[in-house]
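There are 2 protein chains.
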Amino acid sequence: MKQGLLIVVSGPSGTGKGTVCGELLACTPELAYSISATTREPREGEKDGENYYFITREQFEQEIAAGGFLEYANVYGNYYGTPLKKIEERLAAGQDILLEIDTQGALEVMKKCPEGIFIFLLPPSMQELERRIRGRGTESEESLQRRLSAARDEVELGRQYDYAVVNLSVKQAVKRIQGIILAEHSRTGRNEEAFEI
Amino acid sequence: MKQGLLIVVSGPSGTGKGTVCGELLACTPELAYSISATTREPREGEKDGENYYFITREQFEQEIAAGGFLEYANVYGNYYGTPLKKIEERLAAGQDILLEIDTQGALEVMKKCPEGIFIFLLPPSMQELERRIRGRGTESEESLQRRLSAARDEVELGRQYDYAVVNLSVKQAVKRIQGIILAEHSRTGRNEEAFEI
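Line by line, the protein sequences are chains F and P. Count along the first sequence starting at 1, add 948, and that's the number in the numbering used here. Count along the second sequence starting at 1, add 948, and that's the number in the numbering used here.
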């Protein structure tokens, strides 16, 4: 069985990684989403094992102690994490897994899973990033400035990734990421069996 | 100006690299064909600087002495070669160049241009390769066996390439190579300017 690829898509907040990853999943049937575990309450319509694995704080902290997360974070008092074992099982079964994650989380994953494919999504410019965040209309001026400043720092982290994709348009970004997945599957080292003819 | 990529497609004869490269060029407008120099006579309809650079044996041998070829070969008394300077000029101008070449030639190019992208095209099986060569109906049994035996040796060389693409269908192989080109352009090291925002 050929091992699946762990595709990690990250980037500063406001770069559009949610939209790009949604579209990527919608038009790449062979790619599956990594489901996170969380201690927060399910929102209406959310299903356990589909949107998230909903677990208790106790269970979560036991898993942390057991090294069971590829990465995890505590966001406003709730834990969110990527269950290592579930991902390993699916990769071993040949499934490609998409992990959409913030830049801090991605650096953690890089340490634990260096064989992952790390893709950094960039805004075309800081002006465009500002325009996008303002367009949402949900931020105060202060929080917007804080986010922009954080984004500038995060962009620097992008240099550690394997690939950099500028999100000029969702369609173009999706096409590039699909290309990266195809290319990585075509690497000689991943195709030993193709030479056994 | 962003440097273009040298895309080298190679593989055992009979693998279909001519067909794949023809289709790849037809549906990838940003990719240009590397034009070879040759000492053989132009065939009807062939144009200098389009199909080949037609040069004299003297000119060719002067160029060899001057290190002017990325690779060259003497085939049945005629020289064929890839002019280094022309390729370098076009790459520097940001043009992606496709080089379709036999496995020996590709190994030469690997030494002189390690920054090239080396793609090995494989037949799905030796049976399929045999079927394809027989299908052409142009070979004696002896020459066919010789070609199959050579192909087996050539397949081993493929392990030195960056990518291995099995030619299951022309369409699929073209899509994979297009993916590889997109991916290589997305490598972080080739996108310094995307971080200068």
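We put the CB at the ideal spot given by N, CA and C, even for glycine.
Given that residue i touches chain F, what residues does it touch there, using C-beta distances under 9 Å?
i                : result
R1126 of chain P : Correcting the residue type first, residue 1126 of chain P is Gln in the shown sequence and not Arg. What Q1126 of chain P touches in chain F: G1127, L1130.
Since residue i meets chain P, which of its residues come closer than 8 Å, beta carbon to beta carbon?
i               : result
I922 of chain F : Lying outside 949 to 1145, the shown extent of chain F, residue 922 of chain F is not represented and no answer is given.
S958 of chain F : None at all; the shortest Cβ gap to chain P is about 12 Å.
Would you mind telling me which residues of chain F sit closer than 8 Å to residue i, beta carbon to beta carbon, in chain order?
i                : result
K1123 of chain P : L1130
R1107 of chain P : T1136, F1143
Among the options, which residue has its Cα nearest to the Cα of residue i?
i                : options                            : result
G1015 of chain F : F:E1056, F:Y1109, F:G962           : F:E1056
L1077 of chain P : P:G964, P:E1036, P:F1068, P:E1104  : P:G964
I955 of chain P  : P:R1107, P:E978, P:I1145, P:L1116  : P:E978
Q1007 of chain F : F:G1025, F:T986, F:L1018           : F:T986
S1134 of chain F : P:E1019, P:L1070, P:L953           : P:L1070
L1039 of chain F : F:G1053, F:L1105, F:G952           : F:G952
V1122 of chain F : F:E971, F:G959, F:E1104            : F:E971
V1118 of chain F : F:D1050, F:G1053, F:K1059, F:P1072 : F:P1072
K1059 of chain F : F:G966, F:A1041, F:Y1109           : F:Y1109
P960 of chain P  : P:I1145, P:A1112, P:Q1126          : P:A1112
A1098 of chain F : F:Q1120, F:M1074, F:R1079, F:N1115 : F:M1074
E1011 of chain F : F:R991, F:E994, F:K1034, F:E992    : F:K1034
G962 of chain P  : P:I1125, P:R1079, P:E1090          : P:R1079
T1004 of chain F : F:E989, F:A1013, F:E1036           : F:E989
L973 of chain P  : P:D1044, P:N1115, P:V1114          : P:D1044
In chain A, which residues lie less than 7 Å from residue i when you measure between Cβ atoms?
i                : result
N1139 of chain F : Within the model displayed, chain A is absent; protein chains F and P are what it includes.
Look at the Cβ atom of residue i, then the Cβ atom of residue j, and state whether they are nearer than 8 Å.
i                : j                : result
V957 of chain P  : I1129 of chain P : no
C969 of chain P  : L1046 of chain P : yes
I923 of chain F  : R1100 of chain F : No answer is possible for residue 923 of chain F: it lies beyond the span of chain F, which begins at 949 and ends at 1145.
R1107 of chain F : F1143 of chain P : yes
E1009 of chain P : I1049 of chain P : no
A1131 of chain P : A1131 of chain F : yes
G1127 of chain P : G1127 of chain F : yes
L1092 of chain P : T1051 of chain P : no
M949 of chain F  : G1042 of chain F : yes
I1145 of chain P : V1103 of chain F : yes
At a CB-CB cut-off below 9 Å, which residues of chain P make contact with residue i?
i                : result
T1086 of chain F : Neighbours of T1086 of chain F on chain P: none; closest Cβ ~23 Å, over 9 Å.
R1135 of chain F : D1110, Y1111, A1112
For a contact defined as C-beta to C-beta under 7 Å, what are the partners of residue i on chain F?
i                : result
A1142 of chain P : L1070, A1112, V1114
V1103 of chain P : F1143, I1145
S1073 of chain P : I1145
The ligand ADP heavy atoms versus the CB of residue i: any closer than 7 Å?
i                : result
G1137 of chain F : Summarising the ligand content, the structure contains no ligands, and the ligand ADP is consequently not present.
Inset, instruction - Count the C-beta pairs between the region 982–991 of chain F and the region 1030–1045 of chain F that are closer than 8 Å, then say yes if the count reaches three, no if not. - result: yes
Legend entry - Inter-stretch contact at 8 Å, needing at least 3 Cβ pairs: the region 1085–1098 of chain P / the region 1131–1144 of chain P: Contact between the region 1085–1098 of chain P and the region 1131–1144 of chain P is absent, because fewer than three Cβ pairs lie under 8 Å.
Inset, instruction - Flag this pair as touching only if the region 987–1006 of chain F and the region 1060–1075 of chain F have three or more C-beta atom pairs under 8 Å; answer yes or no. - result: no
Legend entry - 4 or more residues per run - each alpha helix (DSSP H) lying fully within the region 963–1043 of chain P: 965–974, 1005–1013, 1032–1040
Inset, instruction - Can you check the region 1087–1113 of chain P for any alpha helix (DSSP H) of at least 4 residues that lies completely inside it and give the ranges in chain order? - result: If only uninterrupted alpha helix (DSSP H) runs of at least 4 residues are considered, those enclosed by the region 1087–1113 of chain P are 1089–1105.
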